[in-house]
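Colleague:
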Amino acid sequence: MELPLSDISDREILDARPARNSLDVDRPYEFLVEPERGADGLIEHVATIFLVNRECSFRCLMCDLWKNTTVKSVPVGAIPQQIDYALERSPKAQHAKLYNSGNFFDAKAIPKEDWPAIVERVRGFKSVIVENHPKLCGDGCFEFRDMLAVHGVELEIALGLETVHPEVLPRLNKQMTAEDFAFAAEKLIAAGIRLRTFILLRPPFLSEEEGIEWALKSIEFAFEAGVSCCSVVGTRAGNGIMEQLENDGLFQSPQLSSLEDVQERGLNLGVGRVFIDTWDAQQFTNCVECAEQRIQRIADMNLSQQVIARIKCQICGAG
Ligand code: SF4
Ligand SMILES: [Zn+2]
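Each residue of the sequence shown is one higher than the last, beginning at 237 in my numbering.
1) Going along the chain, which unbroken runs of the alpha helix (DSSP H) with 4 or more residues stay wholly within the stretch 398-483?
2) Please list, in chain order, all residues with a C-beta atom less than 5 Å from at least one heavy atom of ligand 2.
3) Which of the three DSSP states, helix, strand or coil, is assigned to Ala332?
4) For ligand 1, is there a heavy atom less than 8 Å away from the beta-carbon of Arg430?
5) Assuming Ala283 is part of the beta strand (DSSP E), what are its boundary residues?
6) What did DSSP end up calling Phe294 once you bin it into helix, strand or coil?
7) Terminal residues of the continuous beta strand (DSSP E) containing Val510?
8) Between which two residues does the beta strand (DSSP E) containing Ile365 stretch?
9) At a threshold of 8 Å, does Met298 count as lining ligand 1 (C-beta to nearest heavy atom)?
10) Need the endpoints of the alpha helix (DSSP H) that Val355 sits in, please.
11) With a threshold of 8 Å, are at least 3 pairs of Cβ atoms found where one atom belongs to the stretch 470-482 and the other to the stretch 240-259?
12) Is the distance from the Cβ of Thr413 to the Cβ of Ala451 below 9 Å?
13) Could you tell me whether any non-hydrogen atom of ligand 1 is closer than 8 Å to the CB of Lys333?
14) Just to confirm before moving on: does the CB-CB distance between Val364 and Glu390 stay below 9 Å?
15) How many angstroms separate the CA atom of Ile354 from the CA atom of Ala418?
16) For Ser293 versus Gly338, is the C-beta spacing smaller than 9 Å?
17) Count the other CB atoms within 10 Å of the CB of Glu332; is the residue buried (16 or more) or exposed (fewer)?
18) Nearest to Asn368 by alpha carbon, out of Ser494, Ala545, Phe378, Asp342?
19) Could you check whether the Cβ of Leu250 sits closer than 8 Å to any heavy atom belonging to ligand 1?
20) Assign Pro347 to one of three DSSP states: helix, strand, or coil.
21) Assuming Asn289 and Ala345 form a contact by the criterion Cβ under 8 Å, report the distance between their Cβ atoms to the nearest whole angstrom.
22) With a threshold of 16 other CB atoms inside 10 Å of the CB of Ile429, please say whether the residue is buried or exposed.
23) Here's the rule I'm using: 16 or more other beta-carbon atoms within 10 Å means buried, otherwise exposed. How should Gln621 be labelled?
24) Suppose the cutoff is 6 Å on Cβ atoms and the five residues either side in sequence are ignored; what does the same chain contact list for Ala473 look like?
25) According to DSSP, Glu324 sits in a beta bridge with which residue or residues?
26) What residue range does the alpha helix (DSSP H) around Arg247 cover?
27) Taking Leu505 as the reference, which of Ile455, Leu486, Cys373, Arg273 has the closest Cα?
28) Could you tell me the boundaries of the alpha helix (DSSP H) in which Arg533 lies?
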């Protein structure tokens with residue numbers, strides 16, 4: 237697929253947006269508990285709390301996370317209240333993901349005044365995982381790591397890499413290079429902070445085959461940079477600008493078979509954990525006959541981290 241000559245500006249990305257969701261700041265917009273395989277090989281429960289807070293200040297081309305954020309910063313006290321709301325209604329878990337649709341260490345998103353109250357609420361977990369942009373990894377990360385460590389809680393940071401494709405990454409408008417990612421990773425790992433990353437499968441401007449190839453190259457790059465696990469996300473439309481790219485023939489979501497390929501080949505590298513995001517994965521296939529079983533197989537492989545036999549389908553030819 238040919239790459240476009242010009243970049244897409246913040247303005248164009250903002251102008252294409254549909255409406256944002258209306259949200260309460262005293263409760264998270266979603267929370268769930270699910271099993272996950274840890275770096276130690278144990279399958280344990282992870283409570284993920286999707287916090288409502290001020291929108292991320294970056295304008296990545298493919299991002300639709302802003303839909304569940306606010307325009308203004310949330311008041312001090314709202315984030316701990318949201319955590320309480322979720323934990324009071326959730327089964328027990330060993331790990332907590334505090335995902336804020338942006339960057340935890342952006343003070344406009346998560347007020348620093350709330351850190352002690354947040355730590356108080358997560359002190360019973362083995363680890364806490366937060367999202368952050370590689371360019372925002374400063375002393376705050378080490379300070380928060382130390383506050384958690386007092387209670388024996390480990391800090392893990394999810395750093396988005398997206399892709400290492402040298403022409404696509406700049407066009408994603410993430411305002412970082414693969415080297416910025418590697419630099420941040422080195423600094424955080426040296427400080428005893430575990431890392432995971434998000435990798436996009438078939439971002440805009442790539443064919444299906446190129447999408448697979450660059451997802452695998454990105455996984456290898458991330459493992460070389462020291463991350464302990466890669467979470468691969470099939471790129472989706474839904475934020476306005478992605479639909480425009482789709483109409484212009486510059487973007488298409490990946491096939492479910494490509495998620496399967498990347499998972500198998502990623503696991504066969506034998507370097508670290510590879511997860512495939514199964515959320516809303518039905519959209520990556522038209523076959524109602526095999527979709528459910530194939531997505532279940534992906535979920536099973538996420539847990540076992542072992543390649544298992546493919547599901548064969550007479551209708552679509554999968555397998
Ligand atoms: S840094 Fe993350 S949350 Fe912010 S716009 Fe980019 S993808 Fe979205
Ligand atoms: Zn099928």
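We put the beta carbon where it would ideally sit given N, CA and C, even for glycine.
Modeller: Reading from the atomic positions:
1) 404-407, 414-426, 444-460, 477-483
2) Cys523, Glu525, Cys526, Cys549, Ile551, Cys552, Ala554
3) strand
4) no
5) 279-286 is the extent of the beta strand (DSSP E) around Ala283.
6) It is coil, neither helix nor strand.
7) Run containing Val510: 509-512, per the beta strand (DSSP E) assignment.
8) 363-368
9) Yes; taking the cut-off as 8 Å, the Cβ of Met298 has a heavy atom of ligand 1 nearer than that.
10) 351-358
11) yes
12) It is not a contact, given that the beta carbons lie outside the stated cut-off.
13) no
14) yes
15) 29 Å
16) yes
17) Just to set this straight, residue 332 is Ala in the shown sequence, not Glu. Ala332 comes out buried.
18) Asp342
19) no
20) coil
21) 5 Å
22) Ile429 counts as buried, since no fewer than 16 other beta carbons sit within 10 angstroms of its beta carbon.
23) It is not possible to answer for residue 621, since the shown part of the chain is limited to 237 through 555.
24) Glu479, Glu482
25) Its beta-bridge partners do not exist; DSSP assigns none.
26) First-last of the alpha helix (DSSP H) with Arg247: 246-251.
27) Ile455
28) 527-540
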